[in-house]
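2 protein chains.
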Amino acid sequence: MEEIEIFQQLEQLLNEKNYRTFREKIIESEIPEVDLAQFIDEKLEGEQVIIAFRTLPKTMATDVFSFLSNETQQAIINAITDKELQKIVDDLFIDDAVDMLDEAPATVVRRVLENASVETRNLINQFLKYKEDSAGSITTAEYLYIKKDMTVEEALRRIRKTCKDKETTYTCYVLDKNRVLEGVIAVKTILMAKDDEYIEDLMDRNIISVTTDEDKEQVAKLFSKYDLFALPVVDKENRLVGIVTIDDAVDVIQAEATEDFEKMSAMLPSDKPYLDSKVTTLFKNRILWLFVLMISGMITGSLLGQYEASISTIPLLVTFVPMLNDTGGNCGNQSSTMVIRGLTTGDITTKDWLKVWWKEFRVSLLVGLVLIAFNFLRIILFSHTPEGVNVYLVAACVCGAMMLTIILAKSLGAILPIIAKKLHLDPAVMAAPLITTIVDAVSIVIYFSLVTLLLF
Amino acid sequence: MEEIEIFQQLEQLLNEKNYRTFREKIIESEIPEVDLAQFIDEKLEGEQVIIAFRTLPKTMATDVFSFLSNETQQAIINAITDKELQKIVDDLFIDDAVDMLDEAPATVVRRVLENASVETRNLINQFLKYKEDSAGSITTAEYLYIKKDMTVEEALRRIRKTCKDKETTYTCYVLDKNRVLEGVIAVKTILMAKDDEYIEDLMDRNIISVTTDEDKEQVAKLFSKYDLFALPVVDKENRLVGIVTIDDAVDVIQAEATEDFEKMSAMLPSDKPYLDSKVTTLFKNRILWLFVLMISGMITGSLLGQYEASISTIPLLVTFVPMLNDTGGNCGNQSSTMVIRGLTTGDITTKDWLKVWWKEFRVSLLVGLVLIAFNFLRIILFSHTPEGVNVYLVAACVCGAMMLTIILAKSLGAILPIIAKKLHLDPAVMAAPLITTIVDAVSIVIYFSLVTLLLF
């Protein structure tokens, strides 16, 4: 709550053009950089953005910059002097700089690269080449490294001298003269050791690392599994390229879950937060699947058309169709969601397919028995069948079709995502909407086949 | 791949009762503890579990233990001596010990507490009292602390002496004599400073902290937002109780996404991984919602029954129902998923309701126009209406009902999750299955009302 007040004061100070107090207020209140960035992004506009940014204490400017939205970053880049830009670009962590340039127009990219030091420019160019979903794309080049023949005392001295610009100071990488990764050692281990021990005797040689082209979702899984803070990224010759830090891994985990939610609800994944997405983008992401599924709905409808004769003789029959379809859809949805999520978190692998199906089969028997028992009673007690139509046979048709539909829906929900995974497709596409459509069509065929068999 | 070979060798060594080589192999190959735990959990049974665990090098035993499943942990606790147990309990991080005891039978809990040191026992008892979803439940008591009147040299000496058993050595907490939290300082900052500087002048007084009863999903959000490695947890008097480390926050993020997936697919959330869940548990988690939604399906069906007269006169009309229902359900699903996910990640707040609805309204107009244009053409070109029935009027009924259904579905998908959030309910419950059911019923009423109006 207090923070809101500070921001109101800051806004007022800007309006009064009282920049000196604005700056002092920021220093004194020690507001986190990410909150300041949010304030600039959301509350300020036009000229004020630039003035506020330039008024920030020098030590905070780059950090605040790295948290700003792409639009605001570009506005600032276009407004500040070369010298100011130079400082920001060289101070930014490489992964943040690359993130910013990935989406920027060519003029901005050129201006940034022109003002970067040779070293930074080379790094940025190297990192810009990594594919969007690869470990390389979230790698940063700022890491601590030492040599194995150093003593603890020497290593500590080096760490204290060089850790300033490193994104994580909590793991040191031990490199040989060709930058090949020989070992890792936690700073904690160095701190705990005696001054005259050698790094070689303390370091861990069993290194968990990935190559630059590893899928970044795989990288996130390694973080979860091994409780890592940072993960080294190497090239094909095992030379250290950089590290991925856990804050970026957390972002990948969040983004991956969002993407799965979208795919499982029949949308193409978006790359912007909802409120920042244009209406036309949302439309484009949604219309394709809606169209495909509408066509499937038409097919289901025309199947229903095949049984027009039965329907006009006993219209009661059609009143059970929504319930059959809903139950089938919901059953398939439950199973496919569990399996897709299990495949994502690594709880389920494709080898488990038989185990998964057998579990779902038994669940579908239990679920089916309860639901058809209820339905059977309801139909024979409360349904008014036309003269000459045996109510027990109607109940048998509905319950038989329901049982088969439930078993089919849960089996498809269990197996289709695993097959997709096996074929290197995304299992999330095999979710509710697609399965519902298949189950709808099949359940109508089963139901009216039983009707034709038993009632006509 | 290599690791698989090592585990095959380890299994063989156990079968040959060659325990000495088993132990040497483990030391030499430097396998991560989490993988060893997985090996013991999945590949070994009965006596072998106990023997393998006792043969582990002493320095690894507790870490491996903390990664084992609850069942295996309990089997080991029941088989080892008091002295062995004592060492493990006192070495475990408090949050791991509490996790283990949360699910253990009373006899195991008693045995563990009897063998813990007084200090550990008190801590465990304190932490066991925190509610399951609170910050307290994932808090650990092992943190580094220093005093503000220390110099950097003194602080570093203290850190090097005491960091051994601390779960994170990367942030130091500055406490006064009553353990009230006065500041935080990164170990990195201490390492970078000169020996004679004072902690007081270096520490950060603007502390991001939570109380023990804060919701743990809120805690996870703070980690994402501020890129934290650890977060201090304080009591009502601002005294430090412990810290939450990022590895536990990552687990919360993953579990939260899984829970939302389950709720959004009409299931009660489970607390075990899929493959470890019993069939009866899966059944119990699923049957309630299936039953509720089946009843709703019946209501939709009986609405259809109201229009028996129209249906038996023109059976063609019923063939458009599946398509109407599917499209309505899918549209609602898309919107509610985006909004629920946005509320979870914090991209959308309840204050944005009007903005969200307006966006969805415009998207529904675009989507609706495309889908009805296609439908209109299809119906007038390919549908065979019975004599005396105007095909343009049929098309008007279908397209009119579809447009209204799409607008309704997207509006409900946008607004219901936000209302749920406002009422402090879980927005995830307002997902596809519930919205589909409402939209199905309403779309049938709209459709047949238009039919009655225009065709009869």
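Chains as they are written, first to last, in my numbering: chain Z, 1166 to 1621; chain V, 1166 to 1621. Glycine included, each C-beta is placed from N, C-alpha and C at the ideal position.
- Sequence-distant partners of Thr1220 of chain Z (beyond 5 residues in either direction) whose C-beta falls short of 7 angstroms from its own C-beta, in its chain, are Tyr1184, Phe1187 and Arg1188.
- A Cβ-Cβ distance of about 18 angstroms is found for the pair Ala1431 of chain Z and Asn1540 of chain V, leaving them out of contact under the 8 angstroms criterion.
- Interface criterion met: the Cβ of Lys1524 of chain V is under 8 angstroms from a Cβ in chain Z.
- Residue contact check for Gln1419 of chain Z against chain V: a CB pair falls below 8 angstroms.
- According to DSSP, Val1229 of chain Z shares a beta bridge with no other residue.
- Under the Cβ criterion of 8 angstroms, Asn1290 of chain Z is not counted among the residues facing chain V.
- Annotated three-state conformation of Ile1311 of chain Z is strand, per DSSP.
- By the 16-neighbour rule on beta-carbons within 10 angstroms, Asp1441 of chain V is exposed.
- Considering only Z:Gly1553, Z:Asp1247 and Z:Gln1203, the residue with the shortest C-alpha distance to Phe1232 of chain Z is Z:Gln1203.
- When the five nearest sequence neighbours on each side are left out, the beta carbons in the same chain lying within less than 7 angstroms of the beta carbon of Leu1321 of chain V are those of Ile1355, in order along the chain.
- Around the beta-carbon of Trp1454 of chain Z, 16 or more other beta-carbon atoms lie within 10 Å, marking it buried.
- Annotation: the continuous beta strand (DSSP E) that includes Leu1396 of chain Z extends over Ala1395 to Val1399.
- Ser1302 of chain V counts as buried, since no fewer than 16 other beta carbons sit within 10 angstroms of its beta carbon.
- Residue ranges of uninterrupted beta strand (DSSP E) with 3 or more members, entirely inside the segment 1252-1340 of chain V and ordered along the chain, are 1309-1311 and 1336-1340.
- Boundaries around Glu1347 of chain V are those of the beta strand (DSSP E), Leu1346 to Ala1351, since no alpha helix (DSSP H) includes it.
- Here the segment 1477-1491 of chain V lies against the segment 1469-1482 of chain Z, with 3 or more beta-carbon pairs under 8 angstroms apart.
- For Gly1407 of chain V, the enclosing beta strand (DSSP E) begins and ends at Leu1405 to Thr1410.
- Contact check for Ala1262 of chain Z against Val1274 of chain Z fails: the beta carbons are separated by 8 angstroms or more.
- Among the residues facing chain Z, Gly1462 of chain V is included, as its CB has a counterpart in that chain under 8 angstroms away.
- Identification of chain Z residues near Gln1499 of chain V by a Cβ-Cβ cut-off of 7 angstroms yields Ser1430, Ala1431, Met1432 and Arg1451, ordered along the chain.
- In this structure, the alpha-carbon of Leu1588 of chain Z lies about 19 angstroms from that of Lys1381 of chain Z.
- Close CB contacts of Leu1489 of chain V within its chain, under the 7 angstroms cut and outside five residues either way in sequence, are with Ala1566, Met1567, Thr1570, Ser1608 and Tyr1612 (chain order).
- By the neighbour-count criterion, in which 16 or more other beta carbons inside 10 Å mark a residue as buried, Pro1551 of chain V falls on the exposed side.
- Chain V has a Cβ within less than 8 angstroms of the Cβ of Cys1496 of chain Z.
- In this structure, Thr1445 of chain Z lies away from Ser1435 of chain Z, with their beta-carbon atoms at least 8 angstroms apart.
- Taken in chain order, the unbroken stretches of alpha helix (DSSP H) that lie wholly in the segment 1517-1553 of chain V and span 4 residues or more are 1518-1547.
- Neighbours of Pro1480 of chain Z across chain V, judged by C-beta separation under 7 angstroms: Glu1473, Ile1476 and Ser1477.
- Interface annotation for the segment 1528-1546 of chain Z against chain V: Val1528, Leu1531, Val1532, Val1535 and Leu1536, criterion Cβ-Cβ distance under 7 angstroms.
- With its beta carbon at least 8 angstroms from every one in chain Z, Gly1348 of chain V lies outside the interface.
- Counting C-beta atoms within 10 angstroms of its own C-beta, Lys1248 of chain V has fewer than 16 neighbours from the protein chains shown and is therefore classed as exposed.
- Secondary structure of Thr1376 of chain V (DSSP, three-state): strand.
- Chain-ordered listing is empty here: chain V has no CB closer than 9 angstroms to the CB of Lys1312 of chain Z, the nearest sitting near 19 angstroms.
- Between Glu1212 of chain V and chain Z, the shortest Cβ-Cβ separation is not below 8 angstroms.
- For a Cβ distance threshold of 8 angstroms, residue set Leu1440 of chain V lies close to Asp1517 of chain Z, ordered along the chain.
- Rounded to the nearest whole angstrom, the C-alpha separation of Asn1287 of chain V and Val1229 of chain V is 24 angstroms.
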